[in-house]
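Chains as they are written, first to last, in the working numbering: chain F, 211 to 539; chain A, 368 to 473; chain H, 27 to 122; chain Z, 48 to 166.
What follows is a single structure, written as structure tokens, with notes after it.
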Amino acid sequence: MTILFALFLLTMLVITAVAIVQTTDLFAAVMLLGIFSLLMAANFFVLDAADVALTEAAVGAGISTVLFLGALALTAARERPAADRPWLPLLVVLVTAATVVYATFDKPALGDPNAPVHQHVAPWYLSETPRLIDIPNVVTAVLGSYRGYDTLGEVFVVFAAAIGVLFVLSGDRPVGDVIRPADAPTTRGLKHHLIPRIVGKLLIPFIILFGLYVQFHGEYGPGGGFQAGAIIAAGVILYALLQGEGRALAALPEPVLKALVAGGALLYTLVGVVCMFLGGNFLEYSVLAADSVTGQQVGIILIEAGVGVAVTGVLLCIFHAFAARDPAH
Amino acid sequence: MNLALDIASWVLFGIGSLVLFIGAIGVLRMPTLYTRMHAASLTDSLGAIAVLGGIMLQAGWSLAALKLLAILLFLLLTSPTSSYALANAAVLAEKRDAESAPEPSA
Amino acid sequence: MYITVSLAILVTMALAIVRALRGPSLYDRVLAVNVFGTKTVLLVSVVAYLFGRPDFLDLALAYALINFIGVLAVLEFFQSRGLRRELDASGGEERS
Amino acid sequence: MELLGLYNYWVFVALLMIGFYAVIAKSNLVKKLIGLSIFQAAVFLLYISMDKVEGGTAPIIQAGVVDQVYSNPLPQVLILTAIVVGISTTALGLAIVVRIKEAYGTIKEHEVSAMDREA
């Protein structure tokens, strides 16, 4: 049954990918990338990775399209059909592909329970999580507790990427293209479109609420800080699209966003340091409460909150950095 | 009772699948953008109602049914909105092209 | 029962992809993305029941809530691109 | 049936190579970044394909259900964080492309390097 879905979805995935690379219209490529992301999420879901599918949904269903369109607005929407010489790259690609395909014949088949990857730590995680941490979602347990160092590292990578975007895009724009016609403000945002504005007004609270649900329900179902951060950021981006950048920045000013980015990463680190002060190792949550299971749960909730705050801040900072660069804004 | 529910679900699933399929053919075969949009947006709504309704009958009174109801509600709100936005963007572009075509670009 | 309807949805998804590949206009592609998004919501809901884990409906809920942001971004893009063209003659097209 | 079990990996290879081709053959920098996203997605697919266990379900333990097989949580954790990291690094790449466009007036790789040579 899974195979049937896989055949369908994966084949569509490959066709879409070929089309993305082939088209010379970058705008079309971005639209197809949206379809690609939807297919990817459906695939993850079919392959039992509900948490990953939710992350892909939260990131791919809005934020990545918005970012790519923002970049296209600042560069060019068409790729010139150029005199690329495709033969050498094609040869390189085919040779590499043949090598890797040959290597796949040694891979265990899909779903093989005896595959090496299922033999080592994973069974321990699955059998010990109910005893040690007592939360149903093992993915959250691994993310927050067993591999907390990794996640801290990832949070700092995201943090560094945001700082990089802010550095690269916050310099002065080259002079000459900042003249703005006097009647420009009429086209700012989608304010004068009644239907999207009202529907957006209805939906934004639900999006934020759903983000908070994903954040705090992450121990029991698919969810957690990364997904929640992306969903909440998508809600605020929707607000910015509908009401204009200015209103969104008035609601969440840039210093606040930067504070969110730094604060989230700081909260995560502080939890680790507090663990050290209480006599444990860095990020050893068991010491946070009298009972080690409760301690673990408190630690995971705190660091997930840190992750959620940081991711929201990072994605919004990036979005505003691109939007602020646009001469039409 | 269970049998009745099952039959009702089957009927709804059948209607939903059929409507979605017809809509997809319409999106593929209709001659212009606006007719394609028309085919897509109407069948999307009815198909979603039928399919999600069918699942809801199977779910019974539970949290899942509530979630399905929420999904249906949000779909019914967002899907026409995006059709509206899309049609609007297309009309805007057409109008702009028509305006810019007769006069030589300055 | 679920498998039948999920197969029907997969077929409609494939047809939507054909429309996305054929274009011809940009708006046809956006339309295809939109149709595809709705179909994904339905597919995920059905598959959640097919696998017997209805608590995974959260994914469908997420898509139902935020999928249309992309389309609104497209509308905004074309609006401000028109504006930008007035500002700058070379506009959204790459110089050639 | 044996070979169908490897289909996921072949799709992974195909996607990987499509992305790779875009990165090395296309000279438009945005297109290169799009190729890089596809490349990234291929790796995600590889990891998630490995986590599947036949007859398993997502690793969220169901209360009161015994003898349930669960898929492997570890690759999921790695990819979950990688997706968010992926979008932020792509954004950084796009930011650099925007600055290149402003400084050089083009986003074609060979034109940019030709201008560098002249300068």
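C-beta: ideal position from N, C-alpha, C; glycine also.
Here the structure is a predicted model, which means the values were calculated and not measured.
Whole-angstrom distance between residue j and residue i, CA atom to CA atom
i, j, result
"V375 (chain F)", "L33 (chain H)", "43 Å"
"I392 (chain A)", "V503 (chain F)", "56 Å"
"F380 (chain A)", "S118 (chain Z)", "30 Å"
"S74 (chain Z)", "F59 (chain Z)", "24 Å"
"R79 (chain H)", "G133 (chain Z)", "29 Å"
"V37 (chain H)", "M222 (chain F)", "11 Å"
"I65 (chain Z)", "I389 (chain A)", "33 Å"
"A161 (chain Z)", "T153 (chain Z)", "11 Å"
"Q507 (chain F)", "I107 (chain Z)", "16 Å"
"P318 (chain F)", "Y54 (chain Z)", "11 Å"
"A371 (chain A)", "F77 (chain H)", "23 Å"
"V56 (chain H)", "L41 (chain H)", "14 Å"
"A461 (chain F)", "V519 (chain F)", "16 Å"
"T30 (chain H)", "V418 (chain A)", "11 Å"
"A473 (chain A)", "I225 (chain F)", "Any answer about A473 (chain A) is weak, because its pLDDT of 37 lies below 50 and its placement is not dependable; what the coordinates show is given next. The straight-line gap from Cα to Cα measures roughly 42 Å."
"L300 (chain F)", "V70 (chain Z)", "11 Å"
"D373 (chain A)", "L424 (chain A)", "8 Å"
"A252 (chain F)", "V59 (chain H)", "14 Å"
"L400 (chain F)", "V97 (chain H)", "12 Å"
"L387 (chain A)", "I35 (chain H)", "7 Å"
"G456 (chain F)", "I273 (chain F)", "19 Å"
"A313 (chain F)", "S96 (chain Z)", "16 Å"
"G505 (chain F)", "L488 (chain F)", "12 Å"
Buried or exposed (CB count within 10 angstroms, at least 16 for buried), residue i
i, result
"N474 (chain A)", "Any property of residue 474 (chain A) remains undetermined from this structure, which presents chain A solely from 368 to 473."
"V481 (chain F)", "buried"
"T546 (chain F)", "Nothing can be reported for residue 546 (chain F): it is not among the residues displayed for chain F, which extend from 211 to 539."
"D54 (chain H)", "buried"
"Y94 (chain Z)", "buried"
"D84 (chain H)", "buried"
"I417 (chain F)", "buried"
"A150 (chain Z)", "exposed"
"P333 (chain F)", "exposed"
"D98 (chain Z)", "buried"
"S376 (chain A)", "buried"
"H330 (chain F)", "exposed"
"A88 (chain H)", "buried"
"K65 (chain H)", "buried"
"N491 (chain F)", "exposed"
"S412 (chain A)", "buried"
"L51 (chain Z)", "exposed"
"H328 (chain F)", "buried"
"P406 (chain F)", "buried"
"L412 (chain F)", "exposed"
Integer-rounded CB distance, given that residue j should sit under 8 Å from residue i
i, j, result
"V349 (chain F)", "P120 (chain Z)", "5 Å"
"I245 (chain F)", "I43 (chain H)", "7 Å"
"I147 (chain Z)", "L76 (chain Z)", "7 Å"
"V112 (chain Z)", "G103 (chain Z)", "So it is not a contact: roughly 12 Å between Cβ atoms."
"L409 (chain A)", "A457 (chain A)", "About 17 Å separates the two Cβ atoms, so there is no contact after all."
"V303 (chain F)", "Y68 (chain Z)", "5 Å"
"N455 (chain A)", "L69 (chain H)", "In fact, because the Cβ distance is near 28 Å, the residues do not count as touching under 8 Å."
"A372 (chain F)", "C485 (chain F)", "Not really, about 26 Å apart at Cβ, beyond 8 Å."
"I345 (chain F)", "E429 (chain F)", "4 Å"
"V240 (chain F)", "L279 (chain F)", "6 Å"
Nearest to residue i (by Cα), restricted to the options the options
i, options, result
"L476 (chain F)", "F:G505, F:V517, F:Y423", "F:V517"
"L257 (chain F)", "Z:I147, Z:P122, Z:I71, Z:V60", "Z:P122"
"P523 (chain F)", "F:A444, F:Y359, F:P432, F:D235", "The question names Pro, yet the displayed sequence has Gly at residue 523 (chain F). Nearest of F:A444, F:Y359, F:P432, F:D235 to G523 (chain F), Cα basis: F:A444."
"L178 (chain F)", "F:Y312, F:V483, F:L279, F:V446", "This structure leaves residue 178 (chain F) out entirely; chain F is present only between 211 and 539."
"A99 (chain H)", "F:G454, F:L249, F:G439", "F:G454"
"Y451 (chain A)", "F:T226, F:H403, F:G456", "F:H403"
"L493 (chain F)", "F:A252, F:V352, F:L248", "F:V352"
"L512 (chain F)", "F:N491, F:Y478, F:C485", "F:Y478"
"F104 (chain H)", "F:L451, F:T234, F:A472", "F:L451"
"F254 (chain F)", "F:W334, F:V240, F:F215", "F:F215"
"S71 (chain H)", "A:L385, A:I422, A:L453, A:L459", "A:I422"
"I213 (chain F)", "F:T306, F:A370, F:G321, F:G456", "F:G321"
"I438 (chain A)", "H:A46, H:E102, H:G96, H:A86", "H:A86"
"E514 (chain F)", "F:A271, F:D536, F:F426, F:A307", "F:F426"
"A238 (chain F)", "F:F315, F:K411, F:R288, F:G431", "F:R288"
"Y28 (chain H)", "A:F441, A:W428, A:G420, A:T402", "A:G420"
"Y56 (chain Z)", "Z:E101, Z:A105, Z:V90, Z:K155", "Z:V90"
With three or more C-beta pairs closer than 8 Å as the rule, is the segment 81-100 of chain H touching the segment 437-457 of chain A?
yes
For the pair the segment 519-531 of chain F and the segment 126-139 of chain Z, tell me if three or more CB-CB distances fall below 8 Å.
yes
Below 8 Å, can you find three or more Cβ-Cβ pairs linking the segment 322-340 of chain F to the segment 351-369 of chain F?
yes
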